[in-house]
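> Can you keep this structure in mind? I'll have questions shortly.
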Amino acid sequence: RAKELGGGRVEVFAAHMHADVVRRLELAADLRRALLAEQFAVEYQPVVDLVTSRVIAVEALVRWWHAGTYSPPRQFLGAAEDTGLIVPLGEWVLAQACRDVAAWRASAWDIGLSLNLSTRQITAPRFVETIEAALAESGLPPSALTLEVIEEMLVEDAEEVVERLSRLRELGVRLAIDDFGTGYASLALLRRLPVDIIKIDPSFVSGLGRDDALTMLTRTIVRVGHDLGLTVVAEGIECPEQLELLREMGCTRGQGYLVARPTDARGIETLMPAGLSPLQNTA
Ligand code: C2E
Ligand code: MG
Ligand code: MG
Ligand code: MG
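Its first residue numbered 597, the sequence shown is counted upward by one per residue in full-length UniProt numbering.
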């Protein structure tokens, strides 16, 4: 009896694992088809000067048009990374975003592009050449491109990643640490890394004014970041109180639903005449 039960449990477990493997394989096959069928899209979220409301740059965020709706990256980036599909997908996002932003700049709008990368992309063969080619083909100057990575990518087994990013940085490309404060790149380590920008993680910003420790930590990150000569961007600004505190702390750049939501290229173009975030209307 006990043996029967135990055996059953093993079978149930195996069935779960099986279902999981099948789901992942199906997802991988779906992604592969989606890439061929051009079912991906890029949305852009403005990065805004919190003092003037001027749009400084846009962050490209990949979307998958799937089953009648846009799937957010967290639902498919893991599978895209595991299968290596992130490499051609990332190249597609890079080319698309460089073209869009270069076109906006050609209409005398001085904005930059920020692009998210994963380790798998950076360590892929010809990564540096791929970025250089996208810049050359679109005419986007290197100084208008920011590459976003998370702390772990620069700290864990990161020699090759740091070397490749440094080569691009020498061309004038900027580097940003995304989700700053959630990993373990200490503020001291920042001095040794080839970094220009830190993006404070939303988990700090959401605590502003509600949590003393998070408020104090945010203030410290802004101050030390500026002391190190870095640009500091606050992410995930959702309410006016957070915005006020950030301004008071001297944090001059931000992103978040309050400031501007991610939108398609046409949505960004509606901001072009004045180059200002919709925040203007809410402030
Ligand atoms: P991230 O780079 O930290 O991007 C910020 C995420 O926060 C985006 O989610 C954005 O839509 C969301 N967001 C912006 N403002 C707010 C706000 O006020 N409140 C809240 N709750 N969320 C806000 P999204 O688009 O789902 O992207 C998730 C992550 O996927 C990104 O985090 C980035 O790490 C990754 N990702 C997106 N596009 C790409 C890509 O093309 N390549 C790679 N490798 N990763 C990407
Ligand atoms: Mg990012
Ligand atoms: Mg982030
Ligand atoms: Mg993130």
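Backbone N, C-alpha and C define an ideal beta-carbon position, used for all residues, glycine too.
On a predicted model such as this, the values are computed, not experimentally measured, just so you know.
What do you get for Asp-823, buried or exposed, if any count of 16 or more other CB atoms within 10 angstroms of its CB means buried?
Result: exposed.
> Would you please state the rounded distance, in angstroms, between the beta carbons of Leu-731 and Pro-738? I believe it to be under 8 Å.
Between Pro-738 and Leu-731 the Cβ distance is about 6 Å, and since that is below 8 Å, they are a contact.
> Return the Cβ separation of Leu-743 and Leu-711 in integer angstroms, given the expectation that the two are a contact with Cβ distance under 8 Å.
Yes, they are in contact, since the Cβ atoms of Leu-743 and Leu-711 sit about 6 Å apart, within 8 Å.
> So the candidates are Arg-701, Gly-871 and Leu-761; which of them puts its Cα closest to the Cα of Ile-727?
That would be Leu-761, whose Cα lies nearest to the Cα of Ile-727.
> Quick check: is any heavy atom of ligand 1 less than 7 Å from the C-beta of residue 911?
Residue 911 is absent from the structure shown; the chain starts at 597 and stops at 879.
> Quick check: the Cα distance between Ala-699 and Pro-874, rounded to an integer number of angstroms?
Roughly 21 Å separates the two Cα atoms.
> Whole angstroms is fine: what's the gap from Ser-816's alpha carbon to Gly-686's?
The sequence given here places Thr at residue 816; Ser does not occur at that position. Cα-Cα distance, rounded: 34 Å.
> Would the C-beta of Glu-622 count as close to ligand 3, meaning under 7 Å from any of its heavy atoms?
No; taking the cut-off as 7 Å, the Cβ of Glu-622 has no heavy atom of ligand 3 nearer than that.
> Go to Leu-741, then tell me how far its beta strand (DSSP E) extends in each direction, as first and last residue.
That run of the beta strand (DSSP E) goes 741 to 746.
> Please determine whether the Cβ atom of Asp-807 lies at a distance below 7 Å from any heavy atom of ligand 2.
Flag unset: Cβ of Asp-807 not near ligand 2.
> Thinking just about the alpha-carbon of each residue, which of Val-745, Asp-753, Val-757 and Cys-694 is nearest to the one in Thr-719?
For the residues Val-745, Asp-753, Val-757 and Cys-694, the minimum Cα distance to Thr-719 belongs to Val-757.
> Within the region 746 to 791, note down every full alpha helix (DSSP H) run reaching 4 residues or more, in order along the chain.
Within the region 746 to 791, the complete alpha helix (DSSP H) runs of at least 4 residues are 747 to 751 and 755 to 766.
> Determine whether the beta carbon atoms of Ala-772 and Asp-792 lie at a separation below 8 Å.
Yes, these two residues count as a Cβ contact at 8 Å.
> Pairs of beta-carbons, one from the region 847 to 855 and one from the region 831 to 839, closer than 8 Å: are there three or more?
The region 847 to 855 is in contact with the region 831 to 839.
> To the nearest angstrom, report how far apart Leu-631 and Glu-622 are at their CA atoms.
Their Cα atoms are separated by approximately 14 Å.
> Mind checking which residues open and close the alpha helix (DSSP H) that includes Arg-815?
808 to 823 is the span of the alpha helix (DSSP H), which, as asked, contains Arg-815.
> Taking only three categories from DSSP, how would you classify Asp-706?
Of the three classes helix, strand and coil, the one that applies to Asp-706 here is coil, per DSSP.
> Measuring alpha carbon to alpha carbon, tell me which residue in Gly-779, Gly-674, Leu-736 and Ala-691 is nearest Gly-768.
Answer by Cα proximity: Leu-736.
> Following the continuous beta strand (DSSP E) through Glu-655, name the residue where it begins and the one where it ends.
Note, Glu-655: beta strand (DSSP E), 651 to 662.
> Please report the distance separating the alpha-carbon of Lys-795 from that of Val-643.
Straight-line Cα distance between these residues: approximately 11 Å.
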